[in-house]
Every structure is written in structure tokens, then in C-alpha cells.
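Going left to right, the sequence shown walks through residues 1157 to 1306 as the numbering used here numbers them.
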Amino acid sequence: MTTPTTTPETPETLRYIDLTKMGEGRYRATNRRGGVLPIGSGADPDFTPVELLLAALAGCGAIDVDLITGKRAEATSFAVHAQGDKIRDEDGNRLVNLQITFDVRFPDGEAGDQAREVMPRALAQTRDRLCTVGRTVEVGGPIEYVEGGE
């Protein structure tokens, strides 16, 4: 097991959002840059927490793959599909069969050929090392639910 080079309390490593209730089954997540994302229970158009997890997996992988392949050629089309089966069993509610599918096209020519050639390595690096969201889901770790406030 590797030890982090910085402690979890440092500004360089800390990531967070704040969540507030907007109404029945609806919440607003706000990041430290002021970005706002509505979250819902599924009866409204807001993303559910499960959909957000899928979006986070797809987005994290997309950023990594795009950075790696984009050094060779800009994609002419870039789409990612994330899916998983939500189940309930003796371990509780969870997603299984997670799959992130990349449909990326590059231009004809030498640069496009180089980008296509590096795509399998980009996917492997994303899966095995780069995507923080995917690595967290795959490697796992404890999550504490604590009561705050007064």
C-alpha cells in the first residue's frame, strides 16, 4: 500500500462540495468555485446520485483519454457512454457491471493514426492509474457518515 505524499488535510488534496435542500427530494450541490448542480430523487429532471456517479466515471475517463490522444490529434467526435446495473443484495444497494464505452473518432492522416494507435494505452492508463473516480470505486476505502453541526 502506498502512502500519500501529502496529508488529507492540505489544500492541495482536499476536495469538497456543499449540499443544501431545495425542496421535496431535490438538493443543490455547490463546489468551491461556485458551480451549482441540482440533484434529485428521480421524479424530476435532475440527475440522481447514481447518474452522477456514472457521469463522474465517464467525465473523469474522458478528460484523461482526451488529454492523452489530443497530444496527437484532436478528436473529430468524442462520446462516452457509462452504464451499470443497480442491484440490492446481502451487501445492500450498489452498482455492478460498470462499463464505460468510448466512441472516439480521429481525422484521417498521420496524426489521426497516432491518436488511434495510442487509444488502447490511454484507456488502460485511465483505468489502471489516472482516473481518480474510477480508481476510488475500484480500490475502495472507508466512507464515514458523521453528524455535524451543533
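All C-beta atoms, glycine included, are put in the ideal place defined by N, C-alpha and C.
Since the structure is predicted, the reported quantities are computational estimates derived from the model, not experimental observations.
The beta carbon of D1220 sits closer than 6 Å to those of T1282, L1286, C1287, all from its chain and outside the five residues before and after it, given in chain order. Residue range 1205–1226 is occupied by the alpha helix (DSSP H) that includes T1225. Sequence-distant partners of L1213 (beyond 5 residues in either direction) whose C-beta falls short of 8 Å from its own C-beta, in its chain, are A1238, L1254, I1256, C1287, V1289, G1290, V1293. Taking C-beta separations shorter than 6 Å and ignoring five residues to either side along the sequence, the partners of V1236 in its chain run A1214, A1218, F1258, following chain order. For L1170, the secondary structure class from DSSP, reduced to helix, strand or coil, is coil.
Leaving aside the five residues that flank G1196 on each side, the residues in its chain whose CB is nearer than 8 Å to its CB run, in chain order, G1181, R1182, Y1183, D1202, F1203, T1204.
Annotation for P1276: the continuous alpha helix (DSSP H) segment containing it runs 1266–1281. T1232 sits exposed, since fewer than 16 C-beta atoms from the chains shown fall within 10 Å of its C-beta.
Per DSSP, the beta bridge partners of P1194 are R1184. DSSP places D1200 outside both helix and strand once states are collapsed to three, so it counts as coil. Buried is the label assigned to A1278, since at least 16 other Cβ atoms lie within 10 Å of its Cβ. Within the model, the alpha-carbon separation for R1188 versus P1194 is close to 15 Å. With respect to the 9 Å criterion, R1228 and A1267 are classified as neighbours on the basis of their beta carbons. V1302 has its alpha-carbon roughly 17 Å from the corresponding atom of L1170. If you look at V1293, you'll find it in the alpha helix (DSSP H) that goes 1288–1295.
A direct Cα-to-Cα measurement between R1250 and V1295 gives close to 15 Å.
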